[in-house]
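Numbered continuously in UniProt numbering, the sequence shown closes out at residue 73.
Take a look at the structure below.
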Amino acid sequence: MKTPSIQMKDNGPYQIRGSFALVDATGNKYEVGSDISLCRCGRSENKPFCDGTHEEIDFESAPRAEENVMIEV
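This is the structure in structure tokens:
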């Protein structure tokens, strides 16, 4: 089993790799593979998955870990 990792791609989606479960707000499980991309721009026609729209709308976001403070929930 591969440890899951999430990477924010510059100006693009969240790229998730490894073994994980993706569930919606009501607990229903999405059937996904081990590598997926989730929308960050909010404009995908296939939410929560990325469909590449970020490239068409010139979405810009390139956060860096050292710029952010972790918030506990």
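Glycine included, each C-beta is placed from N, C-alpha and C at the ideal position.
Being a predicted model, the structure only gives us computed values, none of them experimental.
- Taken in chain order, the whole alpha helix (DSSP H) runs of length 4 or more contained in the UniProt domain "Iron-binding zinc finger CDGSH type" (25-60) are 53-56.
- Contact annotation, Leu38 with Phe49: C-beta distance approximately 6 Å; criterion of less than 8 Å satisfied.
- Annotation for Arg64: no beta strand (DSSP E) segment contains it, and DSSP assigns it neither H nor E.
- Here the alpha carbon of Lys29 sits roughly 6 Å from the alpha carbon of Leu22.
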